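Q: Provided herewith is a single structure, encoded as structure tokens, for subsequent inquiry.
8 protein chains.
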Amino acid sequence: MQWQVYLSGEIHSDWRQQIMQGAKSQGLPVEFTSAATDHEASDAAGDVLGAESSNFWRDHKSAKVNAIRSKSLLEQCDLAIVRFGDRYKQWNAAFDAGFCAALGKPYITLHDEDIIHPLKEVDGAAMAWAQTPEQVVEILKYVTQEP
Amino acid sequence: MQWQVYLSGEIHSDWRQQIMQGAKSQGLPVEFTSAATDHEASDAAGDVLGAESSNFWRDHKSAKVNAIRSKSLLEQCDLAIVRFGDRYKQWNAAFDAGFCAALGKPYITLHDEDIIHPLKEVDGAAMAWAQTPEQVVEILKYVTQEP
Amino acid sequence: MQWQVYLSGEIHSDWRQQIMQGAKSQGLPVEFTSAATDHEASDAAGDVLGAESSNFWRDHKSAKVNAIRSKSLLEQCDLAIVRFGDRYKQWNAAFDAGFCAALGKPYITLHDEDIIHPLKEVDGAAMAWAQTPEQVVEILKYVTQEP
Amino acid sequence: MQWQVYLSGEIHSDWRQQIMQGAKSQGLPVEFTSAATDHEASDAAGDVLGAESSNFWRDHKSAKVNAIRSKSLLEQCDLAIVRFGDRYKQWNAAFDAGFCAALGKPYITLHDEDIIHPLKEVDGAAMAWAQTPEQVVEILKYVTQEP
Amino acid sequence: MQWQVYLSGEIHSDWRQQIMQGAKSQGLPVEFTSAATDHEASDAAGDVLGAESSNFWRDHKSAKVNAIRSKSLLEQCDLAIVRFGDRYKQWNAAFDAGFCAALGKPYITLHDEDIIHPLKEVDGAAMAWAQTPEQVVEILKYVTQEP
Amino acid sequence: MQWQVYLSGEIHSDWRQQIMQGAKSQGLPVEFTSAATDHEASDAAGDVLGAESSNFWRDHKSAKVNAIRSKSLLEQCDLAIVRFGDRYKQWNAAFDAGFCAALGKPYITLHDEDIIHPLKEVDGAAMAWAQTPEQVVEILKYVTQEP
Amino acid sequence: MQWQVYLSGEIHSDWRQQIMQGAKSQGLPVEFTSAATDHEASDAAGDVLGAESSNFWRDHKSAKVNAIRSKSLLEQCDLAIVRFGDRYKQWNAAFDAGFCAALGKPYITLHDEDIIHPLKEVDGAAMAWAQTPEQVVEILKYVTQEP
Amino acid sequence: MQWQVYLSGEIHSDWRQQIMQGAKSQGLPVEFTSAATDHEASDAAGDVLGAESSNFWRDHKSAKVNAIRSKSLLEQCDLAIVRFGDRYKQWNAAFDAGFCAALGKPYITLHDEDIIHPLKEVDGAAMAWAQTPEQVVEILKYVTQEP
Numbered sequence: 039m040q041w042q043v044y045l046s047g048e049i050h051s052d053w054r055q056q057i058m059q060g061a062k063s064q065g066l067p068v069e070f071t072s073a074a075t076d077h078e079a080s081d082a083a084g085d086v087l088g089a090e091s092s093n094f095w096r097d098h099k100s101a102k103v104n105a106i107r108s109k110s111l112l113e114q115c116d117l118a119i120v121r122f123g124d125r126y127k128q129w130n131a132a133f134d135a136g137f138c139a140a141l142g143k144p145y146i147t148l149h150d151e152d153i154i155h156p157l158k159e160v161d162g163a164a165m166a167w168a169q170t171p172e173q174v175v176e177i178l179k180y181v182t183q184e185p
Numbered sequence: 039m040q041w042q043v044y045l046s047g048e049i050h051s052d053w054r055q056q057i058m059q060g061a062k063s064q065g066l067p068v069e070f071t072s073a074a075t076d077h078e079a080s081d082a083a084g085d086v087l088g089a090e091s092s093n094f095w096r097d098h099k100s101a102k103v104n105a106i107r108s109k110s111l112l113e114q115c116d117l118a119i120v121r122f123g124d125r126y127k128q129w130n131a132a133f134d135a136g137f138c139a140a141l142g143k144p145y146i147t148l149h150d151e152d153i154i155h156p157l158k159e160v161d162g163a164a165m166a167w168a169q170t171p172e173q174v175v176e177i178l179k180y181v182t183q184e185p
Numbered sequence: 039m040q041w042q043v044y045l046s047g048e049i050h051s052d053w054r055q056q057i058m059q060g061a062k063s064q065g066l067p068v069e070f071t072s073a074a075t076d077h078e079a080s081d082a083a084g085d086v087l088g089a090e091s092s093n094f095w096r097d098h099k100s101a102k103v104n105a106i107r108s109k110s111l112l113e114q115c116d117l118a119i120v121r122f123g124d125r126y127k128q129w130n131a132a133f134d135a136g137f138c139a140a141l142g143k144p145y146i147t148l149h150d151e152d153i154i155h156p157l158k159e160v161d162g163a164a165m166a167w168a169q170t171p172e173q174v175v176e177i178l179k180y181v182t183q184e185p
Numbered sequence: 039m040q041w042q043v044y045l046s047g048e049i050h051s052d053w054r055q056q057i058m059q060g061a062k063s064q065g066l067p068v069e070f071t072s073a074a075t076d077h078e079a080s081d082a083a084g085d086v087l088g089a090e091s092s093n094f095w096r097d098h099k100s101a102k103v104n105a106i107r108s109k110s111l112l113e114q115c116d117l118a119i120v121r122f123g124d125r126y127k128q129w130n131a132a133f134d135a136g137f138c139a140a141l142g143k144p145y146i147t148l149h150d151e152d153i154i155h156p157l158k159e160v161d162g163a164a165m166a167w168a169q170t171p172e173q174v175v176e177i178l179k180y181v182t183q184e185p
Numbered sequence: 039m040q041w042q043v044y045l046s047g048e049i050h051s052d053w054r055q056q057i058m059q060g061a062k063s064q065g066l067p068v069e070f071t072s073a074a075t076d077h078e079a080s081d082a083a084g085d086v087l088g089a090e091s092s093n094f095w096r097d098h099k100s101a102k103v104n105a106i107r108s109k110s111l112l113e114q115c116d117l118a119i120v121r122f123g124d125r126y127k128q129w130n131a132a133f134d135a136g137f138c139a140a141l142g143k144p145y146i147t148l149h150d151e152d153i154i155h156p157l158k159e160v161d162g163a164a165m166a167w168a169q170t171p172e173q174v175v176e177i178l179k180y181v182t183q184e185p
Numbered sequence: 039m040q041w042q043v044y045l046s047g048e049i050h051s052d053w054r055q056q057i058m059q060g061a062k063s064q065g066l067p068v069e070f071t072s073a074a075t076d077h078e079a080s081d082a083a084g085d086v087l088g089a090e091s092s093n094f095w096r097d098h099k100s101a102k103v104n105a106i107r108s109k110s111l112l113e114q115c116d117l118a119i120v121r122f123g124d125r126y127k128q129w130n131a132a133f134d135a136g137f138c139a140a141l142g143k144p145y146i147t148l149h150d151e152d153i154i155h156p157l158k159e160v161d162g163a164a165m166a167w168a169q170t171p172e173q174v175v176e177i178l179k180y181v182t183q184e185p
Numbered sequence: 039m040q041w042q043v044y045l046s047g048e049i050h051s052d053w054r055q056q057i058m059q060g061a062k063s064q065g066l067p068v069e070f071t072s073a074a075t076d077h078e079a080s081d082a083a084g085d086v087l088g089a090e091s092s093n094f095w096r097d098h099k100s101a102k103v104n105a106i107r108s109k110s111l112l113e114q115c116d117l118a119i120v121r122f123g124d125r126y127k128q129w130n131a132a133f134d135a136g137f138c139a140a141l142g143k144p145y146i147t148l149h150d151e152d153i154i155h156p157l158k159e160v161d162g163a164a165m166a167w168a169q170t171p172e173q174v175v176e177i178l179k180y181v182t183q184e185p
Numbered sequence: 039m040q041w042q043v044y045l046s047g048e049i050h051s052d053w054r055q056q057i058m059q060g061a062k063s064q065g066l067p068v069e070f071t072s073a074a075t076d077h078e079a080s081d082a083a084g085d086v087l088g089a090e091s092s093n094f095w096r097d098h099k100s101a102k103v104n105a106i107r108s109k110s111l112l113e114q115c116d117l118a119i120v121r122f123g124d125r126y127k128q129w130n131a132a133f134d135a136g137f138c139a140a141l142g143k144p145y146i147t148l149h150d151e152d153i154i155h156p157l158k159e160v161d162g163a164a165m166a167w168a169q170t171p172e173q174v175v176e177i178l179k180y181v182t183q184e185p
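Protein chains in written order, with the working numbering: chain H, 39 to 185; chain G, 39 to 185; chain F, 39 to 185; chain R, 39 to 185; chain S, 39 to 185; chain E, 39 to 185; chain Z, 39 to 185; chain X, 39 to 185.
Set out below in structure tokens:
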């Protein structure tokens, strides 16, 4: 069986690459999907549909275009990894976690120890909390092994 | 028809009271539900099940006890109001919004203008963005009127 | 058993009143719900959240506020009556019919004979086609009688 | 990942071909599906099952045969494009949009600016509003790119 | 808790009355629902919508009007009793049983021993096979008792 | 797209072969599935699990083994063809039709004109009524054509 | 809001009474439901339908009659308490827990410390592990308090 | 069609190998999946995420990591085989059976005659009870044969 794993959250460090390369180097049967990770492109996702004078509606249009992608990929994945970094609000990561929880879709959080408390609800509905990409790769290896 | 409205998010201002009183004074057919709003009690929700030496597991236990309540009430509500204030990370509010989005449950966000950009995904899946409790009451009045 | 019947579509004739009065005069166990039927108020449903300079976004905001109501009521109803009159595009009526079809929610169309052909897909998924409010009331009487 | 995109609505202009060719020329991982687009054949879809003397039942039979196709393809698609042109009532397009909305299936509307107002409910539940096939292709390109 | 029990199938003997009276005389917390049991009225359920020259379409129209009732009541019931008598084809009873099976709705069949073999698939998905109305009442009594 | 079509009902005529050969000769993108059609083998499906002294339980065991197959294939199919012949009770065919109806799975009935009336509920929930295998093949051809 | 709490598992100690009395004495808005707790009656639940010579089929018949009750009540409850005592296999308690897990229905396990290891999967999907009925009552009190 | 069969339960005998080899030697179109069957590895599945001082939380972490695998595979399988041996509590096997039952996923139990009574609820919701791996292979052969 091929597993589909969605990578959600922080876009300012290379955690996605570390997980994808770790999985690849071990030959794991995993296909990775992800939200758009180019911050500028993501903010401008709706611009092709026409310019907006209001920041709210420009954001709104782009958010919906991005959601076509993220919603479909979340609904199709077998597992999500949700990463919280140390910059920005990252409400979209928490939103994705809630989305998974409501669908009964398993997810693993990936974050440092210092944000355990504010993330307690998000961690409470997760299947695991990892602190490093290497740990995530180890879990993927364990979970995907054939009988 | 009686509407059930869930009040999610910030617990450090009186926005819940303003909405509940506004709805009551107008005689709207709305029953309000909410997560626990006593911060200390919420953090200690799992303590009755035994003490924990690890902060992670104490938080985990309490988060799950709180989720019995919040998950049930979210699944039963007809509409959620999700409030983002100006303190703390408030990842649980974003988590609730994602939970609603996955269930196809309508929600309204309530926040100031200065956090439009970080909330764009959360607002993108919302049915409305309000800036004041009064606006929320007006929407409730409009939505719940009988034919 | 109390039946909940949603009245969707045309707002420029008194078909809703005819059905509601017909059902009432016969003492049928039916509670009626409906989208907002005041055209002006419906177009302005989102104005309380702030003015918009663009027609598209004003319509968008109001449509979403209206959808909080219509989506909830459609999901809760046992049966919908979808009325197509002879004015305007009435795409929202066809939209509601499709919404019902996808949910497996039974609906009855109410329209004149001259629009049979353009409504064939909408009628094809309906449980009945009626031409007068009196016929709808007769169907409601038959459907709701106790054993 | 291969995306399945359903093309719904107007059959009197070549917007389907423009989108399919645009996607093909850019090598996008998209498979397109569609309702039958031959108007005569669509109206006659049920004739093989026997002639009908009543127009209503002839339309009814054909609509149901067409629905075998459209319902299955809508349920399987990842995204729908719903096109409203300037001729006919096009209630089937609005019906398809409502069908998608109830399933939580994302859709993009494609129509000119002059019908914004009558389409406000349909647009309100859409993920985007496009005015040209080129814009749709751009969105498809953005949405389907690999991480 | 109040149980809703749907009585499906044969309309030419008084098995419904026996079960309803048995439940009533024991004070069981059960509300009974049923398809229309007046054969003539059931066949004519669609006639109010206009006469049909074709037997197929007259039956079709009436069947759909009847289905508004039966489908809703089946989806709402907690348990169905499906009765097969010794006359007619009774395909609608088997249809109702299959409908329940697909929804995961428990049902009890009520029929004589001589039709065990042709009913084996219908009985195979049932929760029990009863031969008399008295047995059904006994099961209802057992199932609905409070803790 | 490859369509999966389930063939349900009568096992004493060669209608399945006619449909499968018709579809094959036209190169239609259809994979056919079916319940077991060997009457003896079907009745004995549970015998490998041990002999039963009671006819009811022998039938019960075999019916459940058969249901592993039929239930899975029905849930996976895109369309079912439900055939009623002129022998036996054929309650399993009506059961399969009800199963499809509850899942919102489209089905076509295939039967002669003389049983229109007893099949009215089954036909009422069907997408089409065909009288010959050739008609079914024509519908399949129409439904499965590529855009 | 009134909460419905299902009490599953061990029937040889008075834990149900302790929880029900604790909740009652505190005036909690909870309605309790439960499987049948009379062991003899539960084993004989199907006997009214006729005697069986085989132990397997007698058990089978009774289990299915019991399941009419337990399945309905589990699907309707807001929360389940699953109790594992120190006697018998209690596979039905673990079965109920798995049933809840698949439905996304929250449950609390109630058992002593010495069976933590064999119950790890059951506890892993639970919202809380309690060791005494008093703890369960405290959780119910916390979870059901009004805003 | 390729069938996916999940093998749940006892890990201390070679029943999985017998079924897999039996299916392979007969060329059946079956892909087998399974929970992790290495007892030590399963207990240590969460250790990579950090050591725990409490047995409960070590078990909890490992159970959740294991559940990522088992939950996904159960939800994807077409059929589960649930084996109860003569050692240990095996509550996870009963849990998996309940999980399948709630999803409407067919399963076959595999166990000796002496535990019929304690397994009556688990067997009551099963599609078959087998006593040997050879019987399971025979059922798989019957169920998976092409039309």
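Glycine included, every Cβ here is placed at the ideal spot set by N, Cα and C. As the structure is a computational prediction, the values presented were derived from the model and not from experiment.
Show which residues of chain X have a CB atom less than 9 angstroms away from the CB atom of Asp152(Z).
A: Simply none; closest approach about 11 angstroms.
Q: Give me whichever residues DSSP pairs with Ile146(R) in a beta bridge.
A: Its beta-bridge partners are Ile119(R) and Ala166(R).
Q: At what residues does the beta strand (DSSP E) containing Gly88(Z) begin and finish?
A: Looking at the DSSP string, Gly88(Z) is not in any beta strand (DSSP E), and its letter there is neither H nor E.
Q: Any beta carbon of chain F sitting closer than 8 angstroms to that of Met165(G)?
A: Closer than 8 angstroms: yes.
Q: How is Gln42(H) classed by DSSP in three states: helix, strand or coil?
A: The answer is strand: DSSP assigns Gln42(H) an E or B state.
Q: Of the choices Trp53(F), Ile146(F) and Gly123(F), whose alpha-carbon is the least far from that of Leu27(F)?
A: Limits of chain F in this structure are 39 at one end and 185 at the other, which puts residue 27(F) out of reach.
Q: Report yes if the C-beta distance between Leu112(E) and Lys143(E) is below 8 angstroms; otherwise report no.
A: Yes.
Q: Use the C-beta contact count for Asn93(S): other C-beta atoms within 10 angstroms, 16 or more gives buried, fewer gives exposed.
A: With fewer than 16 other Cβ atoms within 10 Å, it is exposed.
Q: I think Glu172(S) touches Gly60(S), with their Cβ atoms under 8 angstroms apart; what is that distance to the nearest whole Å?
A: With 8 angstroms as the limit, Glu172(S) and Gly60(S) qualify as a contact, their Cβ atoms being about 7 angstroms apart.
Q: Just checking my contact of His98(G) with Asp161(H) at CB under 8 angstroms: how many whole Å lie between their CB atoms?
A: The pair is a contact, with the Cβ atoms about 6 angstroms apart (cut-off 8 angstroms).
Q: So, using beta-carbon positions, are Ser46(Z) and Val120(Z) closer together than 8 angstroms?
A: It is a contact, given that the beta carbons lie within the stated cut-off.
Q: Thinking Thr182(Z) and Val68(Z) are a contact (beta carbons under 8 angstroms), I'd like their distance in whole angstroms, please.
A: About 6 angstroms separates the two Cβ atoms, so the contact holds.
Q: I think Phe122(F) touches Ile154(F), with their Cβ atoms under 8 angstroms apart; what is that distance to the nearest whole Å?
A: Wrong, their Cβ atoms sit about 11 angstroms apart, outside the cutoff.
Q: Given this structure, state the Cα-to-Cα distance separating Glu90(X) from Tyr126(G), to the nearest angstrom.
A: Taking the straight line joining both Cα atoms gives about 29 angstroms.
Q: Could you confirm whether any beta carbon from chain G is found closer than 8 angstroms to the beta carbon of His155(H)?
A: True, the Cβ-Cβ gap to chain G drops below 8 angstroms.
Q: Would a C-beta distance cut-off of 8 angstroms place Ala132(E) and Trp129(S) closer than the cut-off?
A: Yes. Within cutoff.
Q: Give me the DSSP bridge partner(s) of Tyr70(G).
A: For clarity, residue 70(G) is Phe in the given sequence; the question names Tyr instead. Its beta-bridge partners are Val43(G).
Q: Drop a sphere of 10 angstroms on the beta-carbon of His149(R), count the other beta-carbons inside from all chains shown, and report buried for 16 or more, exposed for fewer.
A: Buried, because 16 or more other Cβ atoms sit within 10 Å of the Cβ of His149(R).
Q: Once you ignore the five residues that flank Ser51(X) on each side, which residues in its own chain have a CB closer than 7 angstroms to its CB?
A: So the qualifying residues of the chain are Gly123.
Q: If contacts are defined as beta-carbon pairs under 8 angstroms, then Asn79(H) and Met165(R) qualify, I think. What distance do you get, rounded to the angstrom?
A: Checking the displayed sequence, the identity of residue 79(H) turns out to be Ala instead of Asn. In fact, because the Cβ distance is near 17 angstroms, the residues do not count as touching under 8 angstroms.
Q: Who are the neighbours of His189(G) on chain H, taking C-beta pairs under 8 angstroms?
A: Outside the displayed range of chain G (39 to 185) lies residue 189(G), so it cannot be described from this structure.
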